[in-house]
Amino acid sequence: MLFALLHAAVTVPFQNPGTDFTPVWTAARKHLAGQTVFDSDYTIDMPHYLYTPAGTVVIAPIGVFSDESTGRLVMLALGALCIIAALALATWMVAKRHFHYVFPLIVTVVFFTPEPVRATLSLTNINGFLLLLMVVFVWCSLRLRGANWKEHFSRPEAYVAGIVAGLAISVKPQFGVLMIISVLLFQAAVVVVAAVACAVLFAIGWFTIAQPELFFTNLVPYLSEPRPRFNGSVAGLGIVFGWPEWVVTLLTLLVVAATLAAVVTLWRWRDVDEVMWAFVTLGVCFAGGFMASGLLQTYYAIWLLPMVLTVLRPQSPMHWPAMWLLMLVICANPTWPFDSLILHSLPPLMFLALPVVVTAWAFATRPFAPEMPGRHVR
3 MLFALLHAAV
13 TVPFQNPGTD
23 FTPVWTAARK
33 HLAGQTVFDS
43 DYTIDMPHYL
53 YTPAGTVVIA
63 PIGVFSDEST
73 GRLVMLALGA
83 LCIIAALALA
93 TWMVAKRHFH
103 YVFPLIVTVV
113 FFTPEPVRAT
123 LSLTNINGFL
133 LLLMVVFVWC
143 SLRLRGANWK
153 EHFSRPEAYV
163 AGIVAGLAIS
173 VKPQFGVLMI
183 ISVLLFQAAV
193 VVVAAVACAV
203 LFAIGWFTIA
213 QPELFFTNLV
223 PYLSEPRPRF
233 NGSVAGLGIV
243 FGWPEWVVTL
253 LTLLVVAATL
263 AAVVTLWRWR
273 DVDEVMWAFV
283 TLGVCFAGGF
293 MASGLLQTYY
303 AIWLLPMVLT
313 VLRPQSPMHW
323 PAMWLLMLVI
333 CANPTWPFDS
343 LILHSLPPLM
353 FLALPVVVTA
363 WAFATRPFAP
373 EMPGRHVR
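Position one of the sequence shown corresponds to residue 3 (the numbering used here), numbered consecutively onward.
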């Protein structure tokens, strides 16, 4: 495990200039200096800063480093620690042990494979932080179970879950899928706190960023159009393969329908195995949500890792070979020797297939109460 960490967190990043980090650090420096943040020329095909005013507030601390190399090293180290902490907490949640052999195993595997962790550290983005926020959110949400929804407003877990969800949504609005867990568990307090956190962060960003209106006039139009490169979403694949608009729309609707079907069919496991239910439901929602939202990159699979760990539970779709095949193709992200669009598009197509496979597993499997300690995470 230590060798894998050394390789992924030290050796690999220095082979890449930190493509994702440069625009983030530049925007943070501009924000702290009172300069315009959303003034990029979005007609140029280059890495752009894509965060909202609220997300700008969240990432602003990285701007205290006047040297980009130093800032990147700090973010790289913190990102790696967040990923390790998230995997440790998720392993404890599914295995109910403070140490399980699967923890060093999964750390070794995900830090060695091309996707998603090694790419995250190499490009130096914020996805490792978001992974930790996701796992903490699930942990706190499940600790609230058993209490009346009115009592949630007096429980610290509700405020922690709401705040971490608000932080995650502020950075990536697609993390709004976290609220699906809150809604299905009737945790109104978490939804309220998350909404307030998002609103407060957006207000702070709006009043502290120079010319914040450029977010709506410059960045939002750019975000409304799918990227032609490095985009495995349905819309991105439509550009690559030249699909007509009606095919893109139909496939998007099918992805949404498959995701909803998976969420509905997984509902039967909510009271049987809440940890497996929460992680798999979110994994399905992330896969389907990013495919339908217009932007998907293979390293987004980092938010599927808690779902992979549910293989330690008596019941999980990760017991199906089809699920391992999907994750193998995604994480290996192979460079094919053949010039084939289908082969090069296989990793994003696995995101497309994931909700379908989970739905098939849920239909083919009958829930049973596992005889194991720590059924509820309390």
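Where a beta carbon is used, it is the ideal one built from N, C-alpha and C, also for glycine.
Contacting residues, own chain, Cβ-Cβ under 6 Å from Asn18 (five flanking each side not counted): Ser124
Range covered by the alpha helix (DSSP H) that runs through His33: 23-35
Nearest-angstrom Cα separation, counted from Asn233 out to Leu297: 6 Å
Those runs of the alpha helix (DSSP H) which lie wholly inside the segment 137-184 and span at least 4 residues: 158-173
Thr251 in three-state terms, based on DSSP: helix
Inter-residue Cα distance where the pair is Ala364 and Leu256: 18 Å
C-beta atoms of Leu216 and Val39 nearer than 9 Å: yes
Start-end ranges of the beta strand (DSSP E) lying completely within the segment 239-287, minimum 3 residues: none
Opposing strand residues paired with Ala212 [DSSP bridges]: Thr38
Secondary structure of Arg74, DSSP reduced to three states: helix
Beta-carbon proximity of Ala30 to Gly81, cut-off 9 Å: no
Environment of Gly376 [buried if 16+ CB atoms lie within 10 Å]: Any answer about Gly376 is weak, because its pLDDT of 46 lies below 50 and its placement is not dependable; what the coordinates show is given next. It is exposed - the Cβ of Gly376 has fewer than 16 other Cβ atoms within 10 Å.
DSSP three-state assignment for Ala362, whether helix, strand or coil: helix
Sequence-distant residues of the same chain with beta carbon closer than 6 Å to Ser318, five excluded per side: Met278, Thr312
Helix, strand or coil at Tyr51 [DSSP, three-state]: coil
Reduced DSSP secondary structure (H/G/I, E/B, other) of Gln189: coil
For Thr110, the first and last residue of its enclosing alpha helix (DSSP H): 104-114
Terminal residues of the alpha helix (DSSP H) in which Leu123 lies: 121-125
Residue environment, Asn129, which counts as buried when at least 16 other CB atoms sit within 10 Å: buried
Beta-carbon proximity list for Asp22, same chain, < 7 Å, skipping 5 on both sides: Pro49, Leu125, Thr126, Asn127
Continuous alpha helix (DSSP H) stretch holding Pro230: start and end: Element bounds for Pro230: n/a, residue is neither H nor E.
Inter-residue CB distance, Ser172 and Ala90 (contact presumed, cutoff 8 Å): About 25 Å; that fails the 8 Å criterion.
Nearest-angstrom Cβ-Cβ length linking Ile182 and Cys333, presumed shorter than 8 Å: Between Cys333 and Ile182 the Cβ distance is about 25 Å, and since that is not below 8 Å, they are no contact.
First through last residue of the alpha helix (DSSP H) which encompasses Tyr224: 222-225
Rounded straight-line distance, which links the Cα of Asp69 to that of Leu78: 14 Å
Reduced DSSP category for Trp322 - H, G, I as helix; E, B as strand; rest coil: coil
Residue environment, Ile344, which counts as buried when at least 16 other CB atoms sit within 10 Å: exposed
N- and C-terminal bounds of the alpha helix (DSSP H) containing Ala6: 4-8
Where Gly244 falls, given that 16 or more other Cβ within 10 Å makes a residue buried: exposed
Distance CB(Ala260)-CB(Val358) smaller than 9 Å: yes
Three CB pairs or more closer than 8 Å across the segment 159-169 and the segment 190-208: yes
Nearest-angstrom Cα separation, counted from Leu356 out to Val26: 31 Å
Closest Cα partner of Phe370 within the set Thr210, Trp271, Trp151, Leu348: Trp271
Within-9 Å CB hit, Ser172 to chain B: Annotation note: the requested chain B is absent from the structure, which comprises a single protein chain.
Where Glu117 falls, given that 16 or more other Cβ within 10 Å makes a residue buried: buried
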